[in-house]
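Undergrad: Chains W, S and A are the protein sequences, given in the same order.
In this text, residue positions in the first sequence follow my numbering: the first is 54, and each later residue adds one.
In this text, residue positions in the second sequence follow my numbering: the first is 644, and each later residue adds one.
In this text, residue positions in the third sequence follow my numbering: the first is 88, and each later residue adds one.
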Amino acid sequence: MARYAMLIDLAACVGCAACAAACVLENEAPPGHNRLWIRQRELGAFPDVTVEYRPEQCLHCEHPPCVPVCPTGASHQTEDGLVLVRAERCIACAACIAACPYDARFMNPAGYVDKCTFCEHRVARGEDPACVETCPTGCRVFGDLDDPESPLHAWLTEAKRVDVLRPEMGTAPKLLYLNTPSKRGLANHESEVES
Amino acid sequence: MTTFYGLPGAEAFWHWTTLVHFLLVALAGGTAFYTAVLGIRRSESARGLAWLALAFIVLDLFMLWAESPARFRFSHVWLFLSFEPASAIWWGAWGLATSALMLLLLALGLGPARFWAGVLALSSAVVLAYPGYALAANAARPLWDHLLLAFFPASGLLLALAVLVWLRPAEEAAPWLQVAALASLALAALYPVALASGGADARLAFALWLRGWGWFLLGGLLLFLAAFLARRVPALAGVCALAGAFVLRSWIVEQGQHSLFVHGF
Amino acid sequence: MKLDRRRFLGLSAASVGAVAFGGRAAALQAPWAVPRKWYDGEVRTVFSYCENCFWKCGITVKVEGGRVRKIDGQKQNPKSRGRLCPRGQAGVAQLYDPDRLKRPLIRVDGSERGEGKYREASWEEALDYVAERMLKIKEQYGPEAVAWFGHGSGDSWFVEYLPAAWGSPNAAKPAVSICTAPRETASQWTFGRPIGGHEPVDWTESRYIVLIGHHIGEDTHNTQLQDFSEALRRGAELVVVDPRFSTAASKAHRWLPIKPGTDLALLLAWIHVLIKENLYDRDYVQKYAVGFEELAVHSNKHTPEWAEEITEIPAETIRTVAREMAAAAPRAVLPPGRHTVWYGDDTQRMRAVYILNALLGNYGMPGGFYLAKKPYLEKYPHPPFPLEPAAGGCSGSSGGEEEVPEGFKPRADKGKFFAKTTAIQELIEPMLSGEPYPIRGLVCYGTNLFHSIPNVPRTKEALKKLDLYVAIDVLPMEHVMWADVILPECTYLERYDDLVAIAHKTPFVELRQPAVEPLWDTKPGWWIARELGLRLGLEKYFPWKDVEEYLDTRLQLIGSSLEEMKQKGTLIQRGRPYLKDWERRRRNPFGTPSGKIELYSKTFAEHGLDPLPDYTPPMPVPQGFYRLLYGRTPVHSFAKTQNNWVLMELKPENEVWINREEGRSLGLRHAEYVWLENDAGVREGPVRVRLTERIRRDCVYLVHGFGHKGRGVRLAYGRGASDNALQTRYVLDPISGGAALRNNFVKVVKGAPRPQRKRIGQLVRERRL
Ligand SMILES: Nc1nc2c(c(=O)[nH]1)N[C@H]1C(S)=C(S)[C@@H](COP(=O)(O)OP(=O)(O)OC[C@H]3O[C@@H](n4cnc5c(=O)[nH]c(N)nc54)[C@H](O)[C@@H]3O)O[C@H]1N2
Ligand SMILES: Nc1nc2c(c(=O)[nH]1)N[C@H]1C(S)=C(S)[C@@H](COP(=O)(O)OP(=O)(O)OC[C@H]3O[C@@H](n4cnc5c(=O)[nH]c(N)nc54)[C@H](O)[C@@H]3O)O[C@H]1N2
Ligand code: SF4
Ligand code: SF4
Ligand code: SF4
Ligand code: SF4
Ligand code: SF4
Ligand SMILES: [Mo]
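1) Does A:L312 come within less than 8 Å of chain S when only Cβ atoms are used?
2) Name the chain S residues whose beta carbon is nearer than 9 Å to that of W:H206?
3) Let me check you understand the geometry: is the CB of A:N309 closer than 7 Å to at least one non-hydrogen atom of ligand 7?
4) With DSSP as the reference, label A:W119 as helix, strand or coil.
5) Run through DSSP, which three-state label would S:L739 get?
6) For S:L864, which of S:R757, S:A880, S:W852, S:R854 has the nearest alpha-carbon?
7) Whole angstroms is fine: what's the gap from S:W858's alpha carbon to S:F889's?
8) Might you give, ordered along the chain, the residues of its own chain that have their beta carbon closer than 8 Å to the beta carbon of A:R111, omitting 5 neighbours on each side?
9) Considering only heavy atoms of ligand 5, does any lie closer than 7 Å to the CB of S:T660?
10) Can you tell me the Cα-Cα spacing of A:G483 and A:A590, whole angstroms?
11) When DSSP labels each residue in this structure, what does A:G110 get in the three-state scheme?
12) Does any residue of chain W bring its CB to less than 8 Å from the CB of A:C172?
13) According to the Cβ coordinates, are A:S539 and A:P261 closer than 8 Å?
14) Using a C-beta to C-beta distance shorter than 7 Å, which residues of chain S count as neighbours of W:Y165?
15) Secondary structure at W:L239, three-state DSSP: helix, strand or coil?
16) Mind checking the stretch 731-746 of chain S against chain W and listing, in chain order, the residues whose C-beta falls within less than 9 Å of any C-beta there?
17) Who are the neighbours of A:L737 on chain S, taking C-beta pairs under 7 Å?
18) Report back the beta-carbon spacing between A:E657 and A:N309 to the nearest angstrom; my notes put them in contact at under 8 Å.
19) Please compile the residues from chain S whose C-beta is within a distance smaller than 7 Å of the C-beta of A:V722.
20) From S:A779 to A:Y717, what distance separates their C-alpha atoms?
21) Would you list the residues sitting across from S:T645 in a DSSP beta bridge?
22) Hey, would you say the C-beta of S:L820 is under 7 Å away from at least one heavy atom of ligand 6?
23) Any heavy atom of ligand 6 closer than 7 Å to the Cβ of W:C169?
24) Could you give the DSSP three-state label for A:K683: helix, strand or coil?
25) With 8 Å as the C-beta to C-beta threshold (strictly closer), list the residues of the stretch 697-725 of chain S near chain A in chain order.
26) Cβ-heavy atom distance between W:L89 and ligand 6 below 7 Å?
27) Could you name the residues of chain W that S:S840 contacts, counting a contact when the two beta carbons are closer than 9 Å?
28) Might you give, ordered along the chain, the residues of its own chain that have their beta carbon closer than 7 Å to the beta carbon of W:H116, omitting 5 neighbours on each side?
29) Compare the C-beta of W:H129 with all C-beta atoms of chain A and state if any pair is closer than 8 Å.
30) A:R673: buried (16+ other C-beta within 10 angstroms of its C-beta) or exposed?
31) Between S:A850 and chain W, is any beta-carbon pair separated by less than 8 Å?
32) Counting only the same chain and skipping the five closest in sequence on each side, list residues whose C-beta sits under 6 Å from that of W:A64.
33) Taking 8 Å as the CB-CB limit, is S:S686 close to chain W?
34) How far does the alpha helix (DSSP H) with A:I782 in it extend, from its first residue to its last?
35) Please check if any C-beta of chain S sits within less than 8 Å of the C-beta of W:Y230.
36) Please state if the CB of A:D368 and the CB of A:L447 are separated by a distance shorter than 8 Å.
If you want it as structure tokens, here you go:
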């Protein structure tokens with residue numbers, strides 16, 4: 054049994070979206086939907102400005118609100134802590150989409166709910182997820198929180214702080230961010246939005 | 644300023660068909676519940692109403708099936724092959740199935756009618772309640788407040804009563820209509836207050852509500868009219884109730900699903 | 088006729104099957120099943136290299152059920168090291184793009200170029216047509232009257248092999264005079280070595296990095312991005328000089344928002360501080376460089392205060408950065424950048440960059456520049472060509488004089504600038520004017536005439552005048568649909584190309600091989616070149632029957648074989664990256680006339696060029712206009728990936744970046760659509776406004792590559808604005824022949840309509856039907 058988690062060092066991420074493209078092809082994400090996307094936020098004002106690139110995907114929450122709402126058990130959590138969908142069981146009711154605080158799920162036109170699987174099929178073969186493998190800056194690390202040998206540990210022990218998305222949701226995410234610019238005091242207000 | 648490469652799954656996941664479902668399931672649950680009450684009271688009209696309630700259930704299920712992207716995968720059997728008591732929809736599926744069975748037995752006049760009516764009272768209450776539960780369970784969507792646990796059953800019953808007052812055998816429904824309309828109205832009035840005093844997302848939720856306050860005014864007005872006219876012009880009251888409750892429920896369902904995450908955080 | 092039609096129908100039926108999305112036999116599945124994923128099937132892997140930009144990363148192609156499913160980085164390859172950028176990942180979508188060119192096309196008689204009226208033809212007919220007209224041009228005007236443009240790794244056949252065999256010196260690549268020419272020429276005359284296709288910056292060993300422009304992170308040359316990130320992880324300090332807050336700037340310790348076009352002043356001031364404060368590496372300069380005295384005198388006037396006036400960067404900051412780099416030297420480096428054709432003084436700016444590096448003593452030292460070496464590889468033993476290939480390349484020779492063999496004319500751009508390579512944009516003029524001699528034919532292989540070469544109106548006029556214009560491409564790009572004959576090449580995943588030899592820390596040779604059979608009636612470049620060569624009477628240069636024989640012969644000559652390469656993908660050799668490695672062998676890496684690093688260039692002086700770089704102001708911005716700057720987005724390559732659905736979903740259009748305050752003063756709203764109009768009155772757009780804090784007020788910024796006008800590329804068509812359309816002016820760099828593009832000025836015209844374009848996902852689904 055493992056407790057799989059992924060870590061992204063935002064100090065290194067350049068928002069190149071190689072991870073997103075790799076995911077589309079590895080997992081055959083249908084046109085119009087993404088399991089993984091990059092958010093860019095502009096922070097501060099000229100010339101004290103910065104930009105935060107933040108890749109987002111399913112966080113494989115330890116307390117996933119998307120699981121209990123599922124009426125068929127299609128949406129479930131594995132022993133290794135992965136949150137997955139058994140497509141054959143899914144009735145496409147979208148209750149889990151509603152429950153996810155992170156917009157990580159979408160309706161696959163093939164008639165089931167789809168989302169990041171942490172590439173369980175690759176992990177099962179002992180490989181890294183596709184997004185991790187391809188990331189040119191090497192800012193993504195995948196591993197087992199319960200395994201002290203896992204490369205995650207070195208990163209986490211050195212980290213000054215670790216951020217997760219919307220901690221107030223109480224989901225205990227396993228997608229962890231290091232060096233979040235908006236949290237580093239580099240710049241703390243988002244450039245005004247006008248649209 | 645926020646931009647994206649690719650997009651999160653932030654699109655609306657429920658469409659107009661879902662809004663119709665929220666209407667049909669209310670009509671089904673409400674009529675079934677009213678049938679159960681009549682059945683317990685051994686009223687003559689119960690048998691006729693049972694057919695109507697059954698029709699609503701069948702219509703609702705057919706629509707759910709027809710609009711489902713999974714319709715030809717027959718995965719819906721899994722609703723009955725798994726035990727998921729934390730899921731509102733699971734309860735809804737059992738509620739609808741049980742209600743349908745009871746209604747059929749009642750309509751055909753088979754077996755102990757009063758007992759069936761008792762069971763139906765429970766199962767139809769589940770049908771009335773589960774949509775509100777399905778919404779309120781989502782901590783992630785601030786518009787779907789816990790108050791909806793009460794508002795959806797109340798307005799659901801109201802919708803059914805609105806239809807029932809048009810039918811001669813259910814003329815006695817008018818006083819019920821007045822009560823249900825007043826209850827729904829009170830809950831609708833409380834709704835923005837509940838939003839504004841909610842948790843971390845309170846400000847956002849209230850701001851969102853402010854965008855739709857016109858709909859609330861309209862819906863509230865219609866509910867008030869329904870209550871006011873219920874005993875005088877029941878048919879007109881029914882129209883007002885139907886329109887008012889539908890507007891409010893649909894707005895909440897429709898607006899509540901839009902992602903906040905994509906804009907903020 | 089009948090037969091042809093039948094064959095055509097048969098082909099298209101087959102191809103529909105082949106490209107149908109998710110082409111698995113869905114009908115055979117049980118209704119409750121969900122589609123099986125490709126990775127559950129039988130997966131075959133093929134080694135090759137990527138063609139989505141010109142960096143040439145080694146790839147591992149995964150094929151299942153006769154289809155390419157996924158492309159990964161080749162683990163053993165020094166360029167990719169198992170990783171790929173987004174464009175490399177998305178290559179599959181180019182292969183299965185239903186908009187691809189499918190069979191040879193000949194322009195309908197009586198139609199104009201640009202009207203886009205074509206009929207289908209067999210390869211026989213199309214090649215005969217081309218050969219016949221080429222021979223006619225040769226007869227009438229001589230072989231030099233056919234120009235050859237090419238880009239991409241398949242271009243070797245069309246700007247080197249064929250033109251040299253045919254006898255035309257007018258062969259050119261956009262990657263030279265619209266990209267690297269200044270930095271290559273400067274490097275040649277400072278270090279006597281090229282920079283080459285793979286910048287030999289020793290990133291990971293460096294402790295202090297200064298990027299001038301060079302927007303790594305948006306410029307996603309894979310290995311470079313990997314090394315850059317690793318350097319930062321190891322604690323290197325980073326300074327970014329850029330009028331725009333680039334992605335790289337967001338990783339930097341200092342961002343210097345320089346006034347556009349004034350970098351040379353900043354560089355000269357840094358030279359000044361290093362010399363005046365005695366911070367330069369005296370031993371290194373003494374041992375390896377000449378011309379220091381002249382430089383020291385020359386730099387007296389370039390005080391930081393002088394530079395502050397020009398660059399708008401505080402003198403104190405200039406001093407501090409100079410001191411910091413000196414403190415980190417020799418592990419401090421100013422990388423050359425790649426796209427260096429900016430303002431017209433570019434070779435001189437690059438000279439200043441190299442002089443600074445030399446003063447820091449980093450050339451040939453860990454943490455500075457390593458000495459890249461070409462791998463050992465033999466040419467195919469064909470009879471010698473009458474001409475030397477003339478296009479040059481990123482790593483091509485940039486020397487001065489060139490000898491023209493008996494009976495041949497010099498290049499048509501000769502005399503306009505100093506360097507030896509061909510300037511592609513200068514070959515357009517003779518098509519119009521006939522001076523110095525006429526160019527009547529053009530063979531264009533994978534070069535985006537309307538997106539890569541400035542002054543599009545002129546290009547269009549020139550094309551109209553030609554006797555023959557042949558396009559060899561994979562997509563019906565706008566410029567392709569002007570050709571007389573269109574020859575559809577198959578994509579890089581369906582073909583062999585010539586071997587590539589990469590000069591690197593560890594030099595290596597890479598193989599491209601097909602992962603699947605070509606779709607439709609498309610053919611590989613080598614086949615097209617050979618068939619054309621045979622028809623042009625150049626049989627003796629094509630002693631090989633097919634490319635496998637050609638490749639195997641070349642590989643046998645270095646003790647390998649095609650079989651071995653297919654298994655290995657990459658053949659890595661040993662390098663000699665540092666000066667000490669050369670000194671141990673008593674070899675001198677510096678190929679300059681003096682055999683040393685030339686801070687002062689005697690050769691330049693002899694040719695009437697400034698022997699030491701000096702500042703000249705860029706063209707001033709007219710009142711009411713903004714300087715148009717441009718660059719890359721990480722998810723696209725130039726103007727060639729905007730029909731790739733995977734990439735287009737990530738970034739479907741470009742925006743014009745405008746400083747927020749400035750935009751407000753113009754009354755602009757974020758995300759509204761506007762036109763851009765340049766000072767010659769050319770209008771482009773509509774394009775979305777991006778009001779941002781990330782740019783100075785005196786310039787606007789566009790990502791290059793959008794604004795496609797060819798209707799055949801259905802995803803790309805009509806989205807965003809083309810920088811190239813607005814670049815109707817360029818300044819010729821008199822030394823390198825580079826076309827400096829940042830001398831165009833635009834104003835914002837409000838009230839453009841929002842383009843009514845479908846979402847990419849929807850178009851993709853529709854297109855497959
Ligand atoms: N994703 C992706 N990556 C690519 C490519 C691609 O198409 N897509 N193309 C590849 C190729 S062939 C090339 S040549 C490179 C090009 O990439 P680079 O060599 O990095 O190009 P530059 O022109 O140096 O960089 C553009 C940057 O220069 C800034 N700039 C503009 N004017 C000035 C100025 O006056 N002074 C200074 N200091 N900066 C200025 C712009 O704001 C912008 O940030 O990218 C390569 N990498
Ligand atoms: N305005 C402006 N101009 C620029 C630049 C800029 O930033 N702005 N950048 C400059 C730089 S740095 C460079 S390196 C050049 C790049 O210049 P180009 O290489 O001309 O640029 P692309 O837009 O990539 O055009 C490639 C063409 O090759 C075709 N193609 C793609 N794959 C294949 C293939 O496998 N076989 C064949 N036969 N054709 C293929 C594409 O369809 C397209 O027509 O542009 C330069 N020009
Ligand atoms: S591939 Fe890596 S660097 Fe690029 S966006 Fe993804 S996480 Fe960031
Ligand atoms: S991120 Fe969303 S989908 Fe993923 S586990 Fe958490 S709640 Fe579920
Ligand atoms: S959509 Fe599918 S996975 Fe999600 S809750 Fe419904 S049945 Fe479960
Ligand atoms: S782990 Fe796999 S499925 Fe998840 S985002 Fe990465 S590539 Fe996509
Ligand atoms: S940098 Fe990207 S597009 Fe260029 S060759 Fe490498 S993987 Fe391909
Ligand atoms: Mo380039």
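Built from N, CA and C at the ideal position, the CB exists for glycine as well.
TA: Inspection of the coordinates gives the following:
1) It does not: the Cβ of A:L312 has no partner Cβ on chain S nearer than 8 Å.
2) What W:H206 touches in chain S: nothing, since even the nearest Cβ is about 28 Å away.
3) For ligand 7, at least one heavy atom lies less than 7 Å from the Cβ of A:N309.
4) If DSSP states are grouped into helix, strand and coil, A:W119 belongs with coil.
5) In the three-state DSSP reduction, S:L739 falls in the helix class (H, G or I).
6) Cα-wise, what sits closest to S:L864 is S:A880.
7) A direct Cα-Cα distance of roughly 11 Å separates S:W858 from S:F889.
8) Bear in mind that the predicted position of A:R111 carries a pLDDT of just 46, short of 50, making it too unreliable to give a figure here.
9) The nearest non-hydrogen atom of ligand 5 is 7 Å or more from the C-beta of S:T660.
10) Bear in mind that a pLDDT of 47 at A:G483, under 50, signals an unreliable position, so the model cannot answer this.
11) Unreliable positioning characterises A:G110 in this predicted model, as indicated by a pLDDT of 43, which lies under 50. A coordinate reading is not provided.
12) For A:C172, the answer is yes, since a Cβ of chain W falls inside 8 Å of its Cβ.
13) The answer is yes: Cβ separation under 8 Å.
14) Under the 7 Å cutoff, chain S gives A713.
15) The predicted position of W:L239 is uncertain, since its pLDDT is 42 and thus under 50; no value can be drawn from it.
16) Answer in chain order: A731, I732, W733, W734, G735, A736.
17) Per Cβ cutoff of 7 Å: Y648, G649.
18) Reading the sequence as shown, one finds Thr at residue 657 of chain A and not Glu. Contact annotation, A:T657 with A:N309: C-beta distance approximately 14 Å; criterion of less than 8 Å not satisfied.
19) Those within 7 Å of A:V722 in chain S are Y648.
20) Taking the Cα positions, S:A779 is about 49 Å away from A:Y717.
21) BP columns for S:T645 point to W:R94.
22) Taken from the Cβ of S:L820, every heavy atom of ligand 6 lies 7 Å or farther away.
23) Yes; taking the cut-off as 7 Å, the Cβ of W:C169 has a heavy atom of ligand 6 nearer than that.
24) In this structure, DSSP gives A:K683 a state outside helix and strand, which the three-state scheme calls coil.
25) Within the stretch 697-725 of chain S, the qualifying residues are F715, R716, F717, S718.
26) W:L89 Cβ: within cutoff of ligand 6.
27) Neighbours of S:S840 on chain W: none; closest Cβ ~16 Å, over 9 Å.
28) Excluding residues within five positions, the ones whose Cβ falls inside 7 Å are G223, T224, A225.
29) At a cut-off of 8 Å between beta-carbon atoms, W:H129 makes no contact with chain A.
30) Under this definition A:R673 is an exposed residue.
31) At least 8 Å separates the CB of S:A850 from every CB of chain W.
32) Around W:A64, the same chain offers N232 as residues with beta carbons nearer than 6 Å, after the five sequence neighbours per side are excluded.
33) No, its Cβ sits nowhere closer than 8 Å to a Cβ of chain W.
34) Counting along the chain, A:I782 falls outside any alpha helix (DSSP H), and DSSP gives it neither H nor E.
35) No, no contact with chain S.
36) Annotated as proximal: A:L447 and A:D368, with beta-carbon spacing under 8 Å.
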